[in-house]
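Residue numbers (our numbering): 3 to 352.
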Ligand code: NAP
Ligand code: ZN
């Protein structure tokens, strides 16, 4: 076995502490990645604190992983030693079911082995995520990352990037369309950058008036403080597409009412409580309400290549692994600008 170091929580109430564990020996199709950076997604917080009521402990979160390939198995063809590789939200799936065959491995009908808080395909061996020194993963579930000076800015693409890219693509967001992004956090700021790069006219809906300048710097054309209800009323029926990235319970109806004829709203945020939707919010203007979950391997690779070509990275605050608790508290307070990324070198001080 390969010895790994990381940071784990032992229960929903406990704080992060150093944690030593083992990664499997390299199989013929596996690569060993020395992790350099790992983003902090709000899903890490939901799961570390058991807000989705499905947590397995000890838990080493982290599914926005980038690093260098340190070793490759005998039959690996996609990577060689020294390449940069990424790992997103899952590390395996059955590869044969309908959903896997269509490139939606995240919805594998048998079992999607998520990167952490999950099990391998044996449905027994726990998986541990990217708040750690290294990871062993099947090459088919690792992503190719182009050489870059800003690797920390690439890490969040593995979840925040694909989660926003996928619905924007699916709904053909582009020139001439009015797009709303609700919540300017990790996902939201990627949604803004991507929708702007696709040519859309982008409005940010935020509860934080202090984020207006940043929103404009990210490329947004308009910024609306959601507590100012008069502004919201004047925008009724104006939007083609709205992406809701909010992590806490909130009223969906006020955003649905902003959609024009045949407009669509996609939910990607996962508050711990269910939302109430009035039928009229959907019936008027023949509106659509949909959800979207991360993206499959092929689409994640497409997104990474798109971001490399268009010079899109995440705006990050780099922290040491000893600062996770503080980063969690700031993220919960919507005070992240706009993604915390852990520099894994800091593990050496543990
Ligand atoms: P984040 O960085 O914390 O951003 C969430 C943003 O939502 C905040 O910055 C804030 O923006 C807004 N917000 C927070 N509390 C709010 C409240 N009470 N009312 C209204 N707005 C509020 O989180 P994230 O990492 O982007 O993740 C967002 C959500 O997406 C989480 O629930 C996460 O689990 C989920 N997620 C889903 C997928 C998927 O596949 N569907 C993938 C990754 C993450 P403002 O300050 O601008 O208001
Ligand atoms: Zn995530």
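Every residue, glycine too, gets a C-beta built ideally from N, C-alpha and C.
When you compare each of 28, 18 and 12 to residue 5 by their alpha carbons, which one comes out closest?
Locating residue 5 in the chain shown gives position 3, where the first residue counts as 1. Comparing Cα-Cα distances from residue 5 to each of 28, 18 and 12, the minimum goes to 28.
Mind pulling the beta strand (DSSP E) runs of 3 or more residues that sit fully within the stretch 289-313?
Listed in chain order, they are 290-293.
Relative to ligand 1, is the shortest distance from any of its heavy atoms to the C-beta of residue 340 smaller than 8 angstroms?
Reading the chain shown from its first residue, position 338 is the one you call residue 340. Within the cutoff, so yes.
Compute the minimum distance between the beta carbon of residue 55 and the heavy atoms of ligand 1, and state whether it is under 8 angstroms.
Taking the first residue of the chain shown as position 1, residue 55 is located at position 53. Outside the cutoff, so no.
Please work out which residues of its chain come closer than 7 angstroms, Cβ to Cβ, to residue 348, disregarding the five sequence neighbours upstream and downstream, and give them in chain order.
Working through the chain shown from its first residue, we reach residue 348 at position 346. Closer than 7 angstroms at the Cβ level, and outside the excluded window around residue 348, lie 322, 323 and 324.
Is it the case that the Cβ atoms of residue 330 and residue 133 are separated by a distance below 9 angstroms?
Residue mapping note: residue 330 aligns to position 328 of the chain shown, counting from 1. Residue mapping note: residue 133 aligns to position 131 of the chain shown, counting from 1. No, these two residues do not count as a Cβ contact at 9 angstroms.
In three-state terms, what does DSSP make of residue 2?
What the structure shows of the chain is the stretch from 3 to 352, and residue 2 is not part of that stretch, so it cannot be assessed.
Within a Cβ cutoff of 6 angstroms, which residues of the same chain sit near residue 304, ignoring the five residues on either side of it in sequence?
Position 302 of the chain shown, counting from 1, holds the residue named residue 304. Correct list: empty, nothing qualifies.
Between the alpha carbons of residue 189 and residue 142, how many angstroms are there, rounded?
By 1-based counting over the chain shown, the position of residue 189 is 187. By 1-based counting over the chain shown, the position of residue 142 is 140. Roughly 25 angstroms separates the two Cα atoms.
Consult DSSP for residue 264 and reduce its assignment to one of helix, strand or coil.
If you number the chain shown from 1, residue 264 lands on position 262. Looking at residue 264 - three-state DSSP - the assignment turns out to be strand.
Apart from the five residues on each side of it in sequence, which residues of its chain come closer than 6 angstroms, Cβ to Cβ, to residue 280?
Locating residue 280 in the chain shown gives position 278, counting from the first residue. So the list reads 255, once near-sequence residues are dropped.
Please list the terminal residues of the continuous beta strand (DSSP E) segment that includes residue 63.
The residue you call residue 63 lines up with position 61 of the chain shown. Run containing residue 63: none; DSSP gives neither H nor E here.
Can you name the start and end residues of the beta strand (DSSP E) that residue 188 belongs to?
Position 186 of the chain shown holds residue 188. Not the beta strand (DSSP E): residue 188 falls in the alpha helix (DSSP H), residues 188-199.
Given a cut-off of 9 angstroms on the beta-carbon distance, is the pair residue 33 and residue 75 in contact?
Position 31 of the chain shown, counting from 1, holds the residue named residue 33. Position 73 of the chain shown, counting from 1, holds the residue named residue 75. Yes, the pair counts as a contact, with Cβ atoms nearer than the cut-off.
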